[in-house]
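Please read the structure below before turning to the comments.
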Amino acid sequence: MPTPSSTVADGGNRHCHSTLALALSLLVVPCFALLAESGGIPTTLDGPFPPVTRAFDRSLRQGSDDVPLTDPRLAPRVQPPAPEQIALAASADADSLWVSWVTGRAQVGANLAPLDPASVRSEVWYGERSALDADADAYTHVARGSAEVYSQLYPYPGLLNYTSGAIHHVRLRGLRPATRYYYRCGDSSIPGGGGLSEELSFTTLPATGAGSYPRRVAVVGDLGLTGNSTATVDHLAHNDPSLVLMVGDMTYANQYLTTGGKGVPCFSCAFPDAPIRESYQPRWDGWGRFMEPITSKIPLMVIEGNHEIEPQGHGGAVTFASYLARFAVPSKESGSNTKFYYSFNAGGIHFIMLGAYVDYNRTGAQYSWLENDLHRVDRQATPWVVAAWHPPWYNSYSSHYQEFECMRQEMEELMYKHRVDIVFSGHVHAYERMNRVFNYTLDPCGPVYISIGDGGNIEKIDIDHADDPGKCPSPGDNHPEFGGVCHLNFTSGPAKGKFCWDRQPEWSAYRESSFGHGILEVVNSTYALWTWHRNQDAYGENSMGDQIYIVRQPEKCLLQPTSASSLNCSPGGCPSPMSSDSSGALPTFTSGQLFQKIFVIILFVCDRSKRTKWFSHVLDQLALLRLHFPFLW
């Protein structure tokens, strides 16, 4: 009598051939008509790819100046006590959401009296009907929260202090997933409605589960507030994302002196009057106003970068005051006790946001939290795990080369063991996408690392590569602003015994020095489309700088119980997808591999905007086949 496994396998062969015939006859032929038009998009199954560098376009400027605070997009548009700088943030799941805003005017000066945050209520009135189209009872719910005020203080002669307006945070609960809500925030007790915002709206994220995903996730880093930054945000808004990930370095307020209370640009200048780097906090207020048209409608999820450190007080003992006060993140909901790291779900994606400027050692609180968070992930409910932090672990540019090697050595094995799918970082002001990699070795089970620190900030674009002649940094360079120095020479491969490669590393698939942003579109539990858009391109349907389908292989890259040594792997990688294993997983049949490739072509070469209703239905049925008959894959 055959075992259950062999019965399934035998049945799988029979079903596979009939399904292949159906797919070939109904789907492959119509797609070839569109193949020539689309040009075809590669998948990670086709990798690893030969390294590609697109040289910096010397006809372009490396950067642009900051937008002044007098610009109408940055200047106050309402009078206190009306809310401004309104921003949304996701909670741990789709049934709740954070709303934040500022009331009152910030102050800059020597002797300041902070506002009383309790003097204005923190309320959000909301419902599923617009008050503009319904009666006065359209807002069926009200939620209340709290407010706080923070200060940036410099106990040194000539430096001016700052105290913020009242920063409000309110958590909405009991929301229905994938539902549009209308809301007003502020203080309803103020006569004449002057304490409430105008009516705004948002759509909640899809419910946690493998059958639903955010329409688009925008990813941007190192944004700043320059002319290039505004182009990035305009392009991002054009994409109409459901969620925005900001991987650190938001405003670059610490590139300004407090001199005269008006802010003086001071990129890489010395600070002779005080042993501290100043930060001009009104840049934060201008940034909040500039971003409000997006953040008041779409959740913005942030993680701290080095430009958020902003030391103050004697010896710079106090840090991150603005970051901690201004942003609401689901730290408590995700079991974290700090805003420096947290996690949340968006449909079938589990996002992990990590802090590179707090303790990341294996004996520390963040590592313990990460280990527990990864252990709790249900890959049936959230097949995709996407992580983000500010400084990249894999980077072939001279700037910040191997800067956070210590963090990589502490955390990479844990991320690899739990099969994190994609990692986003910033810090380097250029774009780079890696081949799947683990421990500097090509590995089909490693994450796809993407550096997206090209948002447009005042520090300009990075153009030098560590493998360019004469551009390899000294091992004594690139010290991190937190943590130790763990620079290393490579122990294997073409760069063995060297600190830098003499050509683009094999793990670097594509790099380009241009400003831009990225869009992640997860289609189902296996396929996701990643697109990087350059700012200089005319924005349109066919405008992109880099594009690839990231494909998960959970049947090959199994979750691992312990360390890399228990995988029967070399220090740099695990067995290839075609190798045999002793995990007890069912074998993959050649016909199943072909079916998978056909599915990739069908699903992605055929642009979703061009599908007929019938064709979309057939594709949906194929997706169900993949879920219910995994032995075909």
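Its first residue numbered -7, the sequence shown is counted upward by one per residue in my numbering. Ideal Cβ positions, reconstructed from N, Cα and C, are used throughout, including at glycine.
In this chain, R400 is not harboured by any beta strand (DSSP E); it is covered by the alpha helix (DSSP H) spanning 397 to 409. Where M345 is concerned, the enclosing beta strand (DSSP E) starts and stops at 341 to 345. In the DSSP assignment, W499 is bridged to no other residue. Going by DSSP, R318 is part of the alpha helix (DSSP H) stretching over 313 to 318. DSSP places V209 inside the beta strand (DSSP E), whose first and last residues are 209 to 212. The segment 511 to 518 makes contact with the segment 207 to 222, as at least three CB pairs between them are under 8 Å.
Closest option to F430, judged by alpha-carbon separation, among W385, P43, A520: W385. In this chain, the alpha helix (DSSP H) harbouring W279 covers 274 to 287. The beta carbon of G157 sits closer than 7 Å to those of V94, T95, G96, R97, A98, L107, all from its chain and outside the five residues before and after it, given in chain order. Taking C-beta atoms as the reference points, I78 and S288 count as a pair closer than 8 Å. Buried is the label assigned to G418, since at least 16 other Cβ atoms lie within 10 Å of its Cβ. For S138, the number of other beta carbons within 10 angstroms of its own is below 16, and it is reported as exposed.
Between Q144 and E302, the C-beta gap is smaller than 8 Å, which places the two residues in contact. In this structure E284 does not touch D179 by the C-beta definition: roughly 18 Å separates them, more than the 8 Å allowed. Counting only the Cα atoms, G462 lies some 10 Å from D456. Comparing C-alpha distances from G468 to each of H392, L192, Y432 shows the shortest one belongs to H392.
A residue is called buried when at least 16 other Cβ atoms come within 10 angstroms of its Cβ; Y244 meets this threshold and is buried.
Boundaries for G178: no alpha helix (DSSP H) harbours it, while the beta strand (DSSP E) harbouring it runs 172 to 178, taken from the DSSP string. Just measuring C-alpha positions, the residue of G240, P34, R163, N298 sitting nearest D85 is R163. Contact check between the segment 187 to 198 and the segment 335 to 349: three or more CB pairs, one atom from each, fall below 8 Å, which counts as touching. Assigned with DSSP and collapsed to three states, D538 falls in strand.
Scanning A81, C398, F343, G186 for the CA closest to the CA of V415 turns up F343.
Taking 8 Å as the cut-off, the Cβ atoms of T218 and N449 count as close. Under the 10 Å beta carbon count, Y432 is surrounded by 16 or more other beta carbons and is classified as buried. Within the same chain, and ignoring the five residues on either side of R165 in sequence, the residues whose Cβ sits closer than 6 Å to its Cβ are S88. Looking at the backbone, the Cα of Q71 and that of D538 are separated by about 44 Å. Considered as a whole, the segment 438 to 520 harbours 440 to 444, 500 to 504, 508 to 514 as its complete beta strand (DSSP E) runs of no fewer than 3 residues, in chain order. Per DSSP, the beta bridge partners of T195 are R172. Within 10 angstroms of the beta-carbon of H410 lie 16 or more other beta-carbons, which makes it buried.
Runs of the beta strand (DSSP E) lying entirely within the segment 39 to 88, each at least 3 residues long, are 44 to 46, 76 to 82 in chain order. The shortest CA-to-CA distance from A373 to any of L292, A102, H133, T518 is the one to T518. Our two residues, M399 and R121, have alpha carbons roughly 48 Å apart in a direct line. Counting C-beta pairs with one atom in each stretch, the segment 269 to 279 and the segment 319 to 335 have fewer than three that are closer than 8 Å, which means they do not touch. Per DSSP, the continuous beta strand (DSSP E) segment holding V377 begins and ends at 376 to 380. According to the DSSP assignment, E363 belongs to the alpha helix (DSSP H) that extends over 357 to 368.
For A139, DSSP records a beta bridge to H160.
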